[in-house]
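Working notes, beginning with the structure itself.
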Amino acid sequence: MNNKQKCGWCVGDTLYEAYHDKEWGVPIYDDAILFEFLVLETFQAGLSWITILKKRENFRQAFNDFNYQKIATYKLDKINNLLQDTGIIRNNLKVNATVTNAQAFMKVQTEFDTFSKYIWQFINEKPIINSVLNYKDAAPNTALSDTISKDLKKRGFKFVGSTVVYAYMQAIGMVNDHEMSCFRYSEV
138 MNNKQKCGWC VGDTLYEAYH DKEWGVPIYD DAILFEFLVL ETFQAGLSWI
188 TILKKRENFR QAFNDFNYQK IATYKLDKIN NLLQDTGIIR NNLKVNATVT
238 NAQAFMKVQT EFDTFSKYIW QFINEKPIIN SVLNYKDAAP NTALSDTISK
288 DLKKRGFKFV GSTVVYAYMQ AIGMVNDHEM SCFRYSEV
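Heads up, the sequence shown is in our numbering, so the first residue is 138 and it goes up one at a time.
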């Protein structure tokens, strides 16, 4: 049994704890994984993260293993099939946004060589280390997430409001918002 101190938001659910212990806040530079998290955060808007985690493998299967090149080419019949898939969140706007975001993602890759170079340039490729004592006191968004959100929207991305972008920044390790007492705080 793992008795290490963890962020309070994940304690008590094995799936949440595993995500927290292995993924959350770890810097990601691989475009495929960056896109996966963009999809998941898009669908999370207005919902709890645990809901998305529980459906993550269903999303993986439904969206061709988060292959943005394939997703960018989805036509109406594929979108309609996704909207019938009870294993995912069947929200028309979010499903269509995923297709739009895949297309915008590839345009960013064309301009910056990789999406990773684009997203990490906002913080000069160095993660922001915050001093969170209690996860309930962590900011839901920041001036930086506002800036990134505006830039993403300008580039054609959908469902990338400042709060979604900040959650994305936390998930991909641009921001370390582990509680200072959490064993992962000094590890990521």
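No residue lacks a Cβ here, since even glycine has one placed at the ideal position from N, Cα and C. As the structure is a computational prediction, the values presented were derived from the model and not from experiment.
In or out: residue i buried (at least 16 other Cβ within 10 Å) or exposed?
i, result
"residue 270", "exposed"
"residue 313", "buried"
"residue 250", "exposed"
"residue 310", "buried"
"residue 185", "exposed"
"residue 324", "exposed"
Below 7 Å between beta carbons: does that hold for residue i and residue j?
i, j, result
"residue 180", "residue 215", "no"
"residue 255", "residue 236", "no"
Among the options, which residue has its Cα nearest to the Cα of residue i?
i, options, result
"residue 245", "324, 206, 323", "206"
"residue 295", "307, 187, 176, 188", "176"
"residue 189", "290, 233, 152, 293", "152"
"residue 328", "183, 297, 315", "This structure cannot speak to residue 328, because the chain is shown only from 138 to 325."
"residue 303", "201, 208, 162, 323", "162"
"residue 144", "287, 282, 275, 184", "275"
Less than 7 Å between CB atoms is the rule here; does residue i satisfy it with respect to chain B?
i, result
"residue 250", "Looking for chain B here will not work: only one protein chain is present."
Please check the pair residue i and residue j, which I expect to be a contact at CB under 8 Å, by giving their CB distance rounded to whole angstroms.
i, j, result
"residue 199", "residue 165", "Incorrect: roughly 22 Å between the Cβ atoms, too far for contact."
"residue 187", "residue 222", "Actually they do not touch by this definition, with Cβ atoms about 19 Å apart."
- Query: Enumerated in chain order, which unbroken segments of the beta strand (DSSP E) with a length of 3 residues or greater are wholly contained in the stretch 236-323?
  - Reply: None, since the stretch 236-323 contains no complete beta strand (DSSP E) of that length.
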